[in-house]
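Worksheet for the structure shown next.
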Amino acid sequence: MEISKLKKEIDAEIAGLKTELDCNEFHQKYLGKGGAITLLLRDVGKLEADERARVAQELNVLKRDVEGSLFVLQKEFKEREINEKLLQDKLVDISIPDIGREVGFLHPITRVMREVTEAFATMGFIIEDGNEIVTEYENFTSLNVAPNHPARDMQDTFWLDNGGVLRTHTTALQNYLYKKYGPECRVIFPGRCYRNENIDASHDMAFFQVDGIMVGKDVSIANLIYFMKRVLSAVFKKDIKVRLRPGFFPFTEPSFELDASCMFCESGCNVCKKSGWIEFCGCGMIHPNVLEMGGINPNEYQGFAFGFGLTRLVMLKFGVDDVRVFNSGNIEALGAVK
Amino acid sequence: MKLSLNWLNEYVDLAGILPEKIVERLSMTTAEVEGFEVRGNHIKNIVVGEIVTCVPHPTSKKPLWKLTVNNGKNVVPVVCGAPNCRVGMKVAFAKVGAVIGDINVGVANLAGEESHGMCCSGRELGISEDHDGIIDLIACVSGELVNGTPIEKVIPVVDVIFEIDNKSLTNRPDLWGHYGIARELSVIFNKKLKKLPVADLEKYKDLPSVPVTIENAQDCYSFGAFKVENINRRVSPIWMQIRLFYCDISSHGFLVDLSNYIMLELGQPNHAFDASKIGKLSAGNVNSGEFTTLKDQVIQIKPHHLFIKSDGKPVSLAGIMGGANSLICPTTRDVVFEFATFNPTTIRKTSSELGIRSDSSTRYEKGLDTNLNREGAARVIKILLENDKSACVVSSFNHQVASATKGGTIRLSKAYLERFCGQSFNYADVKRSLKGLGFEPVITKNEIVVTTPTWRATKDINIPVDIIEEIVRTFGYDNIVPRAPRVELAPVEPLARLERMNLLKNLLVSKYALNEVHTYIWNDTKALKTIKVETPSYLKITNSVTPGMENIRCEILPSLLNVVSKNKGKESIRIFESGKTYKNGVEFTYVGIVLGSRKKESSELYTELAHLLNDVLGTLGYRVSYEIGKAGKAYMHPKNNADVLTNGKMSAKIGIIHPTVQDAIDPKLNMAIAQINMEFLPEMGAETKQNVTSKYPKTTLDFTITTDKIYSNLERVFDGFKHELNMGYRLKDVYVRDNDEVSYTVQFTIGSLDRTLTGEEINATWFQIVEHGRKNGFVVDNT
Numbered sequence: 409m410e411i412s413k414l415k416k417e418i419d420a421e422i423a424g425l426k427t428e429l430d431c432n433e434f435h436q437k438y439l440g441k442g443g444a445i446t447l448l449l450r451d452v453g454k455l456e457a458d459e460r461a462r463v464a465q466e467l468n469v470l471k472r473d474v475e476g477s478l479f480v481l482q483k484e485f486k487e488r489e490i491n492e493k494l495l496q497d498k499l500v501d502i503s504i505p506d507i508g509r510e511v512g513f514l515h516p517i518t519r520v521m522r523e524v525t526e527a528f529a530t531m532g533f534i535i536e537d538g539n540e541i542v543t544e545y546e547n548f549t550s551l552n553v554a555p556n557h558p559a560r561d562m563q564d565t566f567w568l569d570n571g572g573v574l575r576t577h578t579t580a581l582q583n584y585l586y587k588k589y590g591p592e593c594r595v596i597f598p599g600r601c602y603r604n605e606n607i608d609a610s611h612d613m614a615f616f617q618v619d620g621i622m623v624g625k626d627v628s629i630a631n632l633i634y635f636m637k638r639v640l641s642a643v644f645k646k647d648i649k650v651r652l653r654p655g656f657f658p659f660t661e662p663s664f665e666l667d668a669s670c671m672f673c674e675s676g677c678n679v680c681k682k683s684g685w686i687e688f689c690g691c692g693m694i695h696p697n698v699l700e701m702g703g704i705n706p707n708e709y710q711g712f713a714f715g716f717g718l719t720r721l722v723m724l725k726f727g728v729d730d731v732r733v734f735n736s737g738n739i740e741a742l743g744a745v746k
Numbered sequence: 012m013k014l015s016l017n018w019l020n021e022y023v024d025l026a027g028i029l030p031e032k033i034v035e036r037l038s039m040t041t042a043e044v045e046g047f048e049v050r051g052n053h054i055k056n057i058v059v060g061e062i063v064t065c066v067p068h069p070t071s072k073k074p075l076w077k078l079t080v081n082n083g084k085n086v087v088p089v090v091c092g093a094p095n096c097r098v099g100m101k102v103a104f105a106k107v108g109a110v111i112g113d114i115n116v117g118v119a120n121l122a123g124e125e126s127h128g129m130c131c132s133g134r135e136l137g138i139s140e141d142h143d144g145i146i147d148l149i150a151c152v153s154g155e156l157v158n159g160t161p162i163e164k165v166i167p168v169v170d171v172i173f174e175i176d177n178k179s180l181t182n183r184p185d186l187w188g189h190y191g192i193a194r195e196l197s198v199i200f201n202k203k204l205k206k207l208p209v210a211d212l213e214k215y216k217d218l219p220s221v222p223v224t225i226e227n228a229q230d231c232y233s234f235g236a237f238k239v240e241n242i243n244r245r246v247s248p249i250w251m252q253i254r255l256f257y258c259d260i261s262s263h264g265f266l267v268d269l270s271n272y273i274m275l276e277l278g279q280p281n282h283a284f285d286a287s288k289i290g291k292l293s294a295g296n297v298n299s300g301e302f303t304t305l306k307d308q309v310i311q312i313k314p315h316h317l318f319i320k321s322d323g324k325p326v327s328l329a330g331i332m333g334g335a336n337s338l339i340c341p342t343t344r345d346v347v348f349e350f351a352t353f354n355p356t357t358i359r360k361t362s363s364e365l366g367i368r369s370d371s372s373t374r375y376e377k378g379l380d381t382n383l384n385r386e387g388a389a390r391v392i393k394i395l396l397e398n399d400k401s402a403c404v405v406s407s408f409n410h411q412v413a414s415a416t417k418g419g420t421i422r423l424s425k426a427y428l429e430r431f432c433g434q435s436f437n438y439a440d441v442k443r444s445l446k447g448l449g450f451e452p453v454i455t456k457n458e459i460v461v462t463t464p465t466w467r468a469t470k471d472i473n474i475p476v477d478i479i480e481e482i483v484r485t486f487g488y489d490n491i492v493p494r495a496p497r498v499e500l501a502p503v504e505p506l507a508r509l510e511r512m513n514l515l516k517n518l519l520v521s522k523y524a525l526n527e528v529h530t531y532i533w534n535d536t537k538a539l540k541t542i543k544v545e546t547p548s549y550l551k552i553t554n555s556v557t558p559g560m561e562n563i564r565c566e567i568l569p570s571l572l573n574v575v576s577k578n579k580g581k582e583s584i585r586i587f588e589s590g591k592t593y594k595n596g597v598e599f600t601y602v603g604i605v606l607g608s609r610k611k612e613s614s615e616l617y618t619e620l621a622h623l624l625n626d627v628l629g630t631l632g633y634r635v636s637y638e639i640g641k642a643g644k645a646y647m648h649p650k651n652n653a654d655v656l657t658n659g660k661m662s663a664k665i666g667i668i669h670p671t672v673q674d675a676i677d678p679k680l681n682m683a684i685a686q687i688n689m690e691f692l693p694e695m696g697a698e699t700k701q702n703v704t705s706k707y708p709k710t711t712l713d714f715t716i717t718t719d720k721i722y723s724n725l726e727r728v729f730d731g732f733k734h735e736l737n738m739g740y741r742l743k744d745v746y747v748r749d750n751d752e753v754s755y756t757v758q759f760t761i762g763s764l765d766r767t768l769t770g771e772e773i774n775a776t777w778f779q780i781v782e783h784g785r786k787n788g789f790v791v792d793n794t
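As you go down the protein sequences, you meet chains W and Y in turn. First residue of the first sequence: 409, per the numbering used here; consecutive thereafter. First residue of the second sequence: 12, per the numbering used here; consecutive thereafter.
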């Protein structure tokens with residue numbers, strides 16, 4: 409019969425299919441528009457009624473079998489093709505760095521300044537900056553530094569011919585902040601300060617400090633300890649203990665020296681001189697006179713203030729032993745501080 | 012300042028407390044102790060010895076003595092080089108087997124003679140600098156000297172010396188002597204403070220008085236003196252010498268040592284004058300002349316210098332240093348002791364003006380209690396009479412007081428105290444501490460009332476918070492429990508200018524590979540001269556220690572150009588700084604940028620920098636445009652420079668470096684430079700842009716303009732094309748022609764929010780754009 413002959417012919421041809429292209433041609437030849445099976449199926453209608461059903465069924469079975477075989481073969485050839493391509497693909501060495509791309513850096517002080525201020529910002533502190541050229545009132549008088557206080561005639565203040573000074577501490581911004589934010593405030597204010605002194609490995613004429621204040625109806629010494637502990641732990645990503653010792657600053661009463669447990673060791677190292685503690689910052693409860701000059705009633709409100717050397721912190725953090733690198737403009741040296 | 016534990020122990024019993032503990036508690040409660048040192052533990056087996064015979068060494072060319080010394084057990088032969096050896100002398104004798112630091116004393120052979128031990132000098136015992144001879148125990152030890160007694164039983168050679176950081180005592184005039192520190196320790200360790208043994212001045216009140224007057228009550232608060240005659244003692248008792256030496260003061264004879272001893276004990280400086288060299292004493296000023304200090308420094312007298320005068324002639328620079336003309340000398344027998352109190356500011360200013368600092372001035376400038384004068388006088392007499400039986404007080408203590416230190420009353424509410432500290436207190440303990448510190452506390456249900464002791468009243472105790480400090484530090488800062496505050500929650504609004512700066516810096520670093528540097532706020536005038544950069548200054552530092560660094564900068568680029576010249580020899584340099592400047596009474600924040608390269612052309616760098624500005628300022632929300640050639644900076648290229656406008660407002664300058672400056676820095680390094688005045692960036696409004704995305708199709712129209720004019724002119728024209736269908740334009744292509752003309756292809760987008768445009772509308776708009784260009788001097792072709 410014609411169909412069985414066709415079937416034999418098809419089987420033989422299928423066995424000879426080697427590629428996807430062969431499959432496509434084969435499909436065209438038998439199942440395409442003018443393909444053998446397609447034509448036979450089209451002519452089924454011309455057959456006698458009694459033969460029609462049988463032939464149609466046989467043709468449909470044949471068609472389904474052929475389609476099935478072809479599908480399996482096509483899948484197989486596709487996979488083989490991909491596998492062959494994969495074998496030919498070259499290994500790309502992404503471990504070779506990009507030689508062309510230049511990278512820049514933020515100044516090490518900027519980097520640490522951001523860490524510190526952001527740690528305070530998470531606790532609701534506003535970040536402020538301030539002028540570097542300030543009045544004698546801002547730098548001294550408003551901070552309860554008495555007219556005869558040695559700090560005023562200290563040679564290490566840069567005095568300006570407009571009567572002002574280059575601020576000797578970021579604390580100089582306090583008075584402005586009280587007036588701006590009023591009696592309930594939390595502010596962290598980093599910035600650059602100046603001292604008129606000779607430069608050596610541990611002194612520069614310009615350096616950075618960070619000051620902070622918190623004022624409210626019942627802000628206490630206990631709160632100060634709490635904040636410093638939390639923030640230092642956040643900055644150093646380690647549980648930092650703090651302790652207060654007596655200190656003296658005209659703008660706080662009582663004044664404290666705050667020691668932080670050493671961030672660099674567990675049991676004594678060179679940075680903490682084997683003591684386990686690092687003198688970290690000066691702080692205290694804001695002096696009533698300072699609040700008053702800022703327009704805040706000290707009988708109703710009180711607060712704490714603190715200040716520490718950001719430049720020194722950067723030196724500690726990155727193990728920099730010569731402060732002069734920061735203002736040197738030496739790009740290689742600055743880039744090496746990591 | 013150094014402190015002797017033996018000395019402190021006289022006033023507060025610290026037996027059984029480790030020095031480490033004292034260091035820790037004193038540091039945590041009172042003042043920073045830098046550490047301690049054990050003295051006198053370097054010697055072993057040194058005993059009292061007696062020189063039995065003493066003859067010159069028979070053969071030695073060096074002057075040596077052949078001695079026999081009784082060491083308590085036997086009499087041994089000793090060779091000794093000390094010039095002061097004599098028969099009957101009691102000495103500190105190091106027996107064979109003794110240890111002095113690194114030296115193990117054995118039988119030695121000196122110039123052919125055996126020596127079984129050695130007689131020690133003060134230096135060898137570590138109790139003085141003296142090595143000119145051996146210690147003469149009879150001259151300085153009052154008790155019996157039995158041969159063979161261990162030396163440490165006879166002289167107090169073993170002590171613990173603490174060192175306190177002077178800076179931490181700045182506000183505590185009462186702590187500049189051992190007694191004040193003993194008072195603190197008595198409270199810290201809850202021990203009794205013993206009374207200071209003093210003579211009763213009342214006993215002498217009927218004696219004639221030494222004449223003293225205060226001429227300048229502004230600078231001299233109190234002034235007292237008394238006279239002692241017939242002082243025969245020359246060498247100080249050994250305990251006094253050792254204590255002074257351990258506290259860094261060497262011995263200068265009994266009278267000077269006594270004066271120093273009182274100062275170190277009470278913190279009250281004082282002066283001993285040779286009575287035969289002085290007359291009527293007064294405290295006042297002298298118009299002019301010269302004054303020679305006891306250290307032979309010659310001072311040109313100014314009318315504001317305060318002196319102690321004798322018959323009108325200066326004999327002591329008040330509170331700072333005595334004069335050569337009234338100095339105690341070895342023959343002095345009659346002495347006038349002066350105890351005074353001076354204006355601390357006067358002392359500090361004079362001392363720093365003349366560059367003369369002394370232990371006395373250091374104490375006076377802290378502000379001393381006038382009541383300490385009497386105590387000091389009474390203490391001097393006590394020690395003097397105990398140690399010199401012949402001495403005789405021949406006058407009363409004539410004490411003139413111009414303004415007495417008085418202790419005030421301070422009231423503190425318990426509620427305030429506890430709110431302030433975030434901590435509650437046991438008020439029995441509070442009372443005990445305050446009492447121990449000399450306050451006379453009365454504690455009621457709601458209040459603490461104290462009377463300030465005069466020694467705390469000159470400076471640091473004035474207001475209620477000062478009392479809080481006393482209460483909390485003796486309570487122990489360590490004992491305060493950290494607590495989170497309770498506050499009202501309010502949104503924190505970051506400052507726009509700081510946010511802007513952070514964003515700007517991030518872009519410059521991460522997108523444009525720039526490196527951030529810091530420079531000073533002043534111009535380095537010398538360096539700028541070298542690189543031929545001129546920049547004005549509108550503010551000067553009046554007292555700079557570094558010449559050439561007086562001028563506060565008014566812009567930032569010169570500083571950055573200095574940085575470039577410091578980083579010589581680099582293939583490429585890309586730096587920026589944000590820093591402060593000053594002009595016309597205003598402080599500005601500038602950002603300066605330098606792009607330098609040996610490979611890229613100046614024009615390339617200049618374009619790169621302009622595109623950088625377009626981008627970063629665009630990211631900050633500004634539309635950037637340029638006024639070419641308007642920068643007006645002599646260090647920039649005269650043609651290739653521009654003012655940079657943000658939203659039409661000048662806020663930055665950009666340019667290629669001027670060839671003269673480039674040559675001075677590095678001829679091969681091409682540079683483009685820019686600086687932004689951050690305060691000139693217009694404030695951004697709060698309004699947000701409307702959504703202009705249309706759901707109807709838009710049409711693009713391309714135009715090509717060929718011109719010899721710069722693009723910004725063209726841009727200004729197209730910016731001025733106002734049309735309801737105009738949805739903006741962009742520069743699509745640039746083509747530079749051979750004849751220096753440039754063809755710009757600009758693509759306009761036109762559309763409507765509410766309809767699809769008709770062909771007529773599109774054509775009409777096309778014509779309007781062409782017409783707008785033509786009217787403004789640009790021939791526009793549709794491409």
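We put the CB at the ideal spot given by N, CA and C, even for glycine. The model shown is predicted, which means the values in this text are computed figures rather than measured ones.
Beta strand (DSSP E) segment containing L624/Y, residue limits = Along the second sequence, one-based indexing puts residue 624/Y at 613. Looking at the DSSP string, L624/Y is not in any beta strand (DSSP E); the run it does join, the alpha helix (DSSP H), is S613 to T630.
Report the rounded CA-to-CA distance for A495/Y versus I479/Y, giving the unit in angstroms.
-> Here residue 495/Y corresponds to residue number 484 of the second sequence, with the count starting at 1. Here residue 479/Y corresponds to residue number 468 of the second sequence, with the count starting at 1. C-alpha separation (whole angstroms): 21 Å.
Residues that G737/W contacts on chain Y, provided the C-beta gap is smaller than 9 Å = Sequence index remark: in the first sequence, residue 737/W carries index 329 (1-based). Within 9 Å Cβ-Cβ: V528, H529, T530, S570, L571, N573, V574, V575, K577, N578, I586 and E588.
What does Q710/W reach in chain Y if we use C-beta pairs closer than 7 Å?
-> Along the first sequence, one-based indexing puts residue 710/W at 302. Neighbours of Q710/W on chain Y, chain order: F431.
If we ignore side chains and look at the alpha-carbon of each, how far apart do M693/W and S610/W end up?
-> Indexing the first sequence from 1 puts residue 693/W at position 285. Indexing the first sequence from 1 puts residue 610/W at position 202. Their Cα atoms are separated by approximately 29 Å.
Cβ of N432/W within 8 Å of any heavy atom in the ligand NAD?
-> Absence of the ligand NAD is noted for the structure shown, with no ligands found whatsoever.
What runs of the beta strand (DSSP E), each 3 residues or longer, lie entirely inside the stretch 496-544 of chain W?
-> none
Would you mind giving the Cβ-Cβ distance between G418/Y and P464/Y, rounded to the nearest angstrom? I have them listed as a contact below 8 Å.
-> Position 407 of the second sequence, counting from 1, holds the residue named residue 418/Y. Position 453 of the second sequence, counting from 1, holds the residue named residue 464/Y. That pair is a contact at about 6 Å.
Buried or exposed: which applies to C151/Y, given that a residue is buried once 16 or more other Cβ atoms fall within 10 Å of its Cβ?
-> In the second sequence, the residue the question calls residue 151/Y occupies position 140. It is buried - the Cβ of C151/Y has at least 16 other Cβ atoms within 10 Å.
Taking buried to mean at least 16 other C-beta atoms within 10 Å of its own C-beta, is Q279/Y buried or exposed?
-> Working through the second sequence from its first residue, we reach residue 279/Y at position 268. Per the 10 Å Cβ criterion, buried.
Compare the C-beta of Y586/W with all C-beta atoms of chain Y and state if any pair is closer than 9 Å.
-> In the first sequence, counting from the first residue as 1, residue 586/W sits at position 178. False, the Cβ-Cβ gap to chain Y never drops below 9 Å.
Cβ of I648/W within 9 Å of any chain Y Cβ | Residue 648/W sits at position 240 when you count from the first residue of the first sequence. Chain Y has no Cβ within less than 9 Å of the Cβ of I648/W.
Check whether M12/Y and I175/Y have beta carbons under 9 Å apart = As a working note, residue 12/Y is residue 1 in the second sequence. As a working note, residue 175/Y is residue 164 in the second sequence. Result yes, Cβ atoms of M12/Y and I175/Y sit closer than 9 Å.
By a C-beta neighbour count over all protein chains shown, 10 Å radius and 16 as the cutoff for buried, is I754/W buried or exposed?
-> The structure shown has nothing for residue 754/W, since chain W only spans 409 to 746.
Put I260/Y into one of helix, strand or coil per three-state DSSP.
-> For this step, residue 260/Y is matched to residue 249 along the second sequence. I260/Y falls in the coil class under three-state DSSP.
May I ask you to list the residues that DSSP assigns as paired with V691/W?
-> Sequence index remark: in the first sequence, residue 691/W carries index 283 (1-based). This sequence places Cys at residue 691/W; Val is not what is there. Its beta-bridge partners are F664/W and F714/W.
Could you check which residue in V309/Y, T530/Y, G387/Y and F265/Y has the C-alpha nearest to that of E276/Y?
-> By one-based count along the second sequence, residue 276/Y stands at place 265. E276/Y has its Cα closest to that of G387/Y, out of V309/Y, T530/Y, G387/Y and F265/Y.
Put E174/Y into one of helix, strand or coil per three-state DSSP.
-> For the purposes of this step, residue 174/Y is taken as residue 163 along the second sequence, with counting starting at 1. Three-state DSSP puts E174/Y in a strand.
At a Cβ cut of 8 Å, what residues of the stretch 516-546 of chain W count as close to chain Y, listed as they run along the chain?
-> Of all residues in the stretch 516-546 of chain W, only I517, T518, R522, A529, G532, F533, I534, I535, E536, D537, N539, E540 and I541 place a beta-carbon less than 8 Å from a beta-carbon of chain Y.
Whole-angstrom distance between V463/W and R472/W, CA atom to CA atom = Here the question's residue 472/W lines up with position 64 in the first sequence. Here the question's residue 463/W lines up with position 55 in the first sequence. CA-to-CA, the gap between R472/W and V463/W works out to about 14 Å.
Of the listed residues F486/Y, D477/Y, V602/Y and R430/Y, nearest to E527/Y (C-alpha basis) | For the purposes of this step, residue 527/Y is taken as the residue at position 516 of the second sequence. Per the Cα distances, V602/Y.
For I567/Y, which of helix, strand or coil comes out of DSSP?
-> Here residue 567/Y refers to the residue found at position 556 when the second sequence is read from its first residue. Correct three-state label for I567/Y: coil.
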